[in-house]
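Residue numbers (my numbering): -11 to 285.
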């Protein structure tokens, strides 16, 4: 990874090529966000934005030649590079991974609120996805699941909205952590901004989540319920950080950490919520501060 990091920051044209190539292929788009974080941390926001603009221009030309919609390129570029630039700039200014992730959690909360403000009918927004899911469930004999979707389309639309926001936020967190690691490997490094295993969203966000949850229970407004779910779910990364911390401290064997990642695609909802509970309670009770590291005993 170190040679890759060195190559990306060696010349602006290298960055442009890497950004364009990775954004062009959906499978590689996650690397495009990671590279953008690296470029912002190592080269600054201004040069990174210029490189992104040139890469987007090249992709627009390719789209015109290939007869593909240019608007799709613009959407992909803005949705992938835009948030990555913002969070990388925050990380560079604060020099704190924890504080930057707290900002990202508030961004996720703002996004779910923004969707509810802008979109009047969530079922219309997710109509194509709901129809596809319903037909897929029927074709595969999942009649009970199909009945749930058909009888509660509004609830499913809210669930899809929450899933959309959380998936986008999780990708952004991945951009940030891996981009930071890549920048640390580049020539000259960038200093230490914190460790993933020490991640803590703090009691302020935990308190906001508690208040929103109480309001959602009392009022029953769908937008409050969605906001409460998002604010709780972001703590899953803190729960994962606790798992990593326990491994680093020698409390957990490596195979447990591997098992968590292996099971994540299969038990994603249950495992994410379990990790979120661990992370949320850790924010209040700070388990890691109560344990003396074994290497200090």
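Backbone N, C-alpha and C fix where the C-beta goes; we use that ideal spot for every residue, glycine too.
Just so we're clear, the structure is a prediction, and the values are computed from it rather than from any experiment.
Query: Helix, strand or coil for residue 178? Go by DSSP, reduced to three states.; Result: coil
Query: When the distance is taken between beta carbons, is residue 178 closer than 8 Å to residue 219?; Result: no
Query: Contact defined as beta carbons within less than 8 Å: I believe residue 170 pairs with residue 3. What is the distance between those atoms, to the nearest angstrom?; Result: About 12 Å separates the two Cβ atoms, so there is no contact after all.
Query: Using only CA atoms, which one of 42, 112, 66 and 269 lies nearest to residue 195?; Result: 269
Query: To the nearest angstrom, how far is it from the Cα of residue 134 to the Cα of residue 125?; Result: 5 Å
Query: Assuming residue 80 contacts residue 28 under a Cβ cut-off of 8 Å, what Cβ separation, rounded to an integer in Å, is found between them?; Result: 7 Å
Query: Would you kindly work out how many angstroms separate the C-alpha atoms of residue 207 and residue 58, rounded to a whole number?; Result: 44 Å
Query: Would you kindly work out how many angstroms separate the C-alpha atoms of residue 166 and residue -4, rounded to a whole number?; Result: 14 Å
Query: For residue 83, which residues of its own chain have a beta-carbon under 8 Å away from its beta-carbon, when the five flanking residues on both sides are left out?; Result: 179 and 181
Query: Leaving out five residues before and five after residue 150 in sequence, what residues of the same chain have Cβ atoms less than 8 Å from its Cβ?; Result: 100, 214, 217, 218 and 221
Query: On the three-pair Cβ rule with 8 Å, is the segment 34 to 47 touching the segment 7 to 19?; Result: yes
Query: Can you tell me the Cα-Cα spacing of residue 90 and residue 129, whole angstroms?; Result: 42 Å
Query: Got a sec? Which residues, its chain only, sit under 7 Å from residue 190 by beta carbon, not counting five neighbours each side?; Result: 90 and 271
Query: Which residues in the same chain as residue 39 place their Cβ atom closer than 6 Å to its Cβ, once the five residues preceding and following it in sequence are excluded?; Result: 0, 3 and 4
Query: What alpha helix (DSSP H) runs, 4 residues minimum, are completely inside the segment 65 to 139?; Result: 85 to 106, 110 to 113, 115 to 127 and 131 to 139
Query: Residue 119: which of 109, 145, 106 and 105 sits nearest, CA to CA?; Result: 145
Query: Out of 164, 32, 172 and 131, which one is the CA nearest neighbour of residue -10?; Result: 172
Query: Is it buried or exposed, residue 176, if we count other Cβ atoms within 10 angstroms and call 16 or more buried?; Result: exposed
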